[in-house]
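Number of protein chains: 2
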Amino acid sequence: MKIGIIGAGNMGAALGKLWARAGHHVIFSYSRDENKLRELAAAAGDTARVGTVQAAVAESDVVLLAVWLPNLEALLQTAGSLDGKILITCVSGLQPDFTGQTIGIPTDLKLSVAETIQQLAPTAKVVEAFNTTFAEILASDSRQFGSDLPSVFYCGDDSEAKQVVSSLIEECGYEAVDAGNLLVARTLETLATAWVQLAVSSQLFPNLALKALRR
Amino acid sequence: MKIGIIGAGNMGAALGKLWARAGHHVIFSYSRDENKLRELAAAAGDTARVGTVQAAVAESDVVLLAVWLPNLEALLQTAGSLDGKILITCVSGLQPDFTGQTIGIPTDLKLSVAETIQQLAPTAKVVEAFNTTFAEILASDSRQFGSDLPSVFYCGDDSEAKQVVSSLIEECGYEAVDAGNLLVARTLETLATAWVQLAVSSQLFPNLALKALRR
Chain A
1 MKIGIIGAGN
11 MGAALGKLWA
21 RAGHHVIFSY
31 SRDENKLREL
41 AAAAGDTARV
51 GTVQAAVAES
61 DVVLLAVWLP
71 NLEALLQTAG
81 SLDGKILITC
91 VSGLQPDFTG
101 QTIGIPTDLK
111 LSVAETIQQL
121 APTAKVVEAF
131 NTTFAEILAS
141 DSRQFGSDLP
151 SVFYCGDDSE
161 AKQVVSSLIE
171 ECGYEAVDAG
181 NLLVARTLET
191 LATAWVQLAV
201 SSQLFPNLAL
211 KALRR
Chain B
1 MKIGIIGAGN
11 MGAALGKLWA
21 RAGHHVIFSY
31 SRDENKLREL
41 AAAAGDTARV
51 GTVQAAVAES
61 DVVLLAVWLP
71 NLEALLQTAG
81 SLDGKILITC
91 VSGLQPDFTG
101 QTIGIPTDLK
111 LSVAETIQQL
121 APTAKVVEAF
131 NTTFAEILAS
141 DSRQFGSDLP
151 SVFYCGDDSE
161 AKQVVSSLIE
171 ECGYEAVDAG
181 NLLVARTLET
191 LATAWVQLAV
201 SSQLFPNLAL
211 KALRR
């Protein structure tokens, strides 16, 4: 297959190398530093080379878009015809410092449910947990997926309370993963929303569970 | 441990039973149907019983909040003192039909980045993928986490293009999971935002990967 890589950042570099080493013809393009593209192509091997964005698009069946969001519109206007091309995007709306989303999610997020609970019960030790867990799995005979245990993230501000909740998670047949303080509930609740929607859209609901792999 | 369960829906029922069977003292509370609570306690075994919300809170060290969001504020106002209690919440801001979020994420989401790309390149075959994948893992010698392969979700509207992308995902050393059509990019991009934030907040970044367990 002929694959054009647009963007020489971490994602474009890594995917382009992997595909070139798998034997595909890869064109690296779109860097302010032409040397970076040449080094990438050399590292990727005989089936990789450097080209313009226009060549990477015109000569490929598959095009990977791995650029910063602010550059996207101008890039697409000059890339040439994308008619019928397979366009893979991993472009993120996330800002580079992870502080906010430039699209989709506003940066003026309201409090999470968990933080709201903490405000209503200020002396309680609030811990959020189990929100990516489907009740259908909880209610079944086992939480195992083959030999795997799903992960349950938890977060809170009281370390003793978190230790207790961690044990309770494990007793249910899950692996407990400490996600941080209660502020992280904003993230966990967002993750949970996306996870359940994804389970539904992929038609895997409810026999789907999230495992956090670490190494 | 003494655990009060508030809410007799799927989550409260399942967790209460699991903890009771693990030997904890569990009080089931808060259902419009008193019989449902009694059946739950009977099914959970000798260490489980039924009580009022006030008793479930007062007599427990740990309280699970598993109620609908609209009921939450009134419930907490009548629950008695939560001072020092470990309060586990899996309360979701998600609406029961999964169509929207009542807190945190507005329902008038803008287009995803992938849909924006599709509008800018209307005859291209846009597929979103790799957005929960950390470049540091991609760039390393192997994508394996022990014997596990992480999952990469992908979505798009063209089935042939999706098949091609699925193969490209697998060639990188990932398991490919079809998440649905391009509209699902809104969810995938939201998931990706939350996932990277979670990796950072849990201090596991970048040696963290998501695996979708199925059964």
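As they're listed, the protein sequences go chains A and B. Going by UniProt numbering, the first sequence opens with residue 1, and the numbers climb by one from there. Going by UniProt numbering, the second sequence opens with residue 1, and the numbers climb by one from there. For every residue, glycine included, the Cβ atom is placed at its ideal position computed from N, Cα and C.
Which residue's Cα is closest to the Cα of residue i: the options?
{"i": "I117 (chain A)", "options": "A:G7, A:G156 and A:N10", "result": "A:G156"}
{"i": "S23 (chain A)", "options": "A:Y30, A:G9, A:A44 and A:E34", "result": "Correcting the residue identity first, residue 23 (chain A) is Gly in this sequence and not Ser. For the residues A:Y30, A:G9, A:A44 and A:E34, the minimum Cα distance to G23 (chain A) belongs to A:A44."}
{"i": "V177 (chain A)", "options": "B:M1, B:F145 and B:L204", "result": "B:L204"}
{"i": "S60 (chain B)", "options": "B:G84, B:W68, B:R215 and B:D46", "result": "B:G84"}
{"i": "T112 (chain B)", "options": "B:E34, B:L183, B:I5 and B:Y174", "result": "One point to set straight first is that residue 112 (chain B) is Ser, not Thr, in the sequence displayed. It is B:L183 whose Cα lies nearest to the Cα of S112 (chain B)."}
{"i": "G80 (chain A)", "options": "A:I6, A:G173, A:D158 and A:S167", "result": "A:I6"}
{"i": "S147 (chain B)", "options": "B:V196, B:G173, B:M1 and B:D158", "result": "B:G173"}
Under 7 Å from any heavy atom of the ligand NAD, does the C-beta of residue i make it?
{"i": "T133 (chain B)", "result": "The ligand NAD is not among the ligands present in this structure, which contains no ligands whatsoever."}
Cutting at 8 Å between CB atoms, please list the residues of its own chain near residue i, excluding the five before and the five after it.
{"i": "L72 (chain B)", "result": "L65 and V91"}
{"i": "E160 (chain A)", "result": "K125"}
{"i": "D108 (chain A)", "result": "For D108 (chain A), the predicted structure reports a pLDDT of 49, less than 50, and the residue's modelled location is therefore unreliable. A value from the coordinates is still provided. Hits under 8 Å: none found."}
{"i": "E34 (chain A)", "result": "V50"}
{"i": "S140 (chain A)", "result": "none"}
{"i": "N181 (chain B)", "result": "C155, G156 and D157"}
{"i": "Q119 (chain A)", "result": "L111"}
Whole-angstrom Cβ separation of residue i and residue j, contact assumed at under 8 Å?
{"i": "L149 (chain B)", "j": "A14 (chain A)", "result": "Rounded, the Cβ-Cβ distance is 16 Å, inconsistent with contact."}
{"i": "I86 (chain B)", "j": "V62 (chain B)", "result": "4 Å"}
{"i": "A185 (chain B)", "j": "A194 (chain A)", "result": "Not confirmed; about 11 Å, so no contact."}
{"i": "residue 234 (chain A)", "j": "R215 (chain B)", "result": "For residue 234 (chain A) there is no data in the structure shown, the boundaries of chain A being 1 and 215."}
{"i": "V53 (chain B)", "j": "T78 (chain B)", "result": "7 Å"}
{"i": "V26 (chain A)", "j": "G12 (chain A)", "result": "Not a contact, Cβ separation roughly 10 Å."}
{"i": "L208 (chain B)", "j": "L210 (chain A)", "result": "About 12 Å; that fails the 8 Å criterion."}
{"i": "L18 (chain A)", "j": "E171 (chain B)", "result": "7 Å"}
{"i": "L82 (chain B)", "j": "A121 (chain A)", "result": "4 Å"}
{"i": "F28 (chain B)", "j": "A41 (chain B)", "result": "5 Å"}
Run down chain B in chain order and give the residues with a C-beta less than 9 Å from the C-beta of residue i.
{"i": "F153 (chain A)", "result": "L198 and S202"}
{"i": "V184 (chain A)", "result": "Q197, L198, S201 and S202"}
Counting only the same chain and skipping the five closest in sequence on each side, list residues whose C-beta sits under 6 Å from that of residue i.
{"i": "S201 (chain A)", "result": "none"}
{"i": "L198 (chain B)", "result": "none"}
{"i": "P206 (chain A)", "result": "F134 and E136"}
{"i": "A192 (chain A)", "result": "N131 and T132"}
{"i": "I3 (chain B)", "result": "W19, H24, V26, S60 and V62"}
{"i": "D158 (chain A)", "result": "K125"}
{"i": "S166 (chain A)", "result": "A176"}
{"i": "L37 (chain B)", "result": "A8, F28, S31 and V50"}
{"i": "Q163 (chain B)", "result": "none"}
Residues of chain A with a CB under 9 Å from the CB of residue i: which are they?
{"i": "N71 (chain B)", "result": "Within 9 Å Cβ-Cβ: nothing; N71 (chain B) doesn't reach chain A, min ~12 Å."}
With a threshold of 7 Å on Cβ separation, who are the neighbours of residue i within its own chain once the five nearest residues in sequence on each side are excluded?
{"i": "I169 (chain B)", "result": "A129, V152, Y154 and A176"}
{"i": "V67 (chain B)", "result": "I6, G7, Y30, L75 and V91"}
{"i": "L188 (chain B)", "result": "E128, N131, F153, C155 and A179"}
{"i": "A212 (chain B)", "result": "S151 and V177"}
{"i": "V196 (chain A)", "result": "none"}
{"i": "N10 (chain B)", "result": "none"}
Could you name the residues of chain B that residue i contacts, counting a contact when the two beta carbons are closer than 8 Å?
{"i": "K125 (chain A)", "result": "G84, K85, I86 and L87"}
{"i": "W195 (chain A)", "result": "L191"}
{"i": "N207 (chain A)", "result": "R214 and R215"}
Can you list the residues of chain A that residue i reaches, using a CB-CB cut of under 7 Å?
{"i": "A135 (chain B)", "result": "N10, M11 and A14"}
{"i": "W19 (chain B)", "result": "L168 and E171"}
{"i": "D148 (chain B)", "result": "L213"}
Taking C-beta pairs closer than 8 Å, name the residues in chain A that residue i reaches, listed in chain order.
{"i": "I117 (chain B)", "result": "L65, L72, L76, L87, T89 and V91"}
{"i": "E128 (chain B)", "result": "I88, T89 and C90"}
{"i": "L138 (chain B)", "result": "N10, M11, A14, L15 and L18"}
What residues from chain B crowd round residue i, counting only those whose CB sits closer than 7 Å?
{"i": "A121 (chain A)", "result": "L76, L82 and L87"}
{"i": "T187 (chain A)", "result": "A194, Q197, L198 and S201"}
{"i": "L40 (chain A)", "result": "In chain order: nothing, as chain B lies at least about 11 Å away."}
{"i": "A179 (chain A)", "result": "L198, S201 and S202"}
{"i": "V164 (chain A)", "result": "V62 and I86"}
Using a cut-off of 8 Å between C-beta atoms, extract the partners of residue i located in chain E.
{"i": "F28 (chain A)", "result": "Here chain E cannot be found, since the structure's protein chains are A and B."}
Does the structure place the segment 121-136 of chain B close enough to the segment 34-49 of chain A that three or more beta carbon pairs sit under 8 Å?
no
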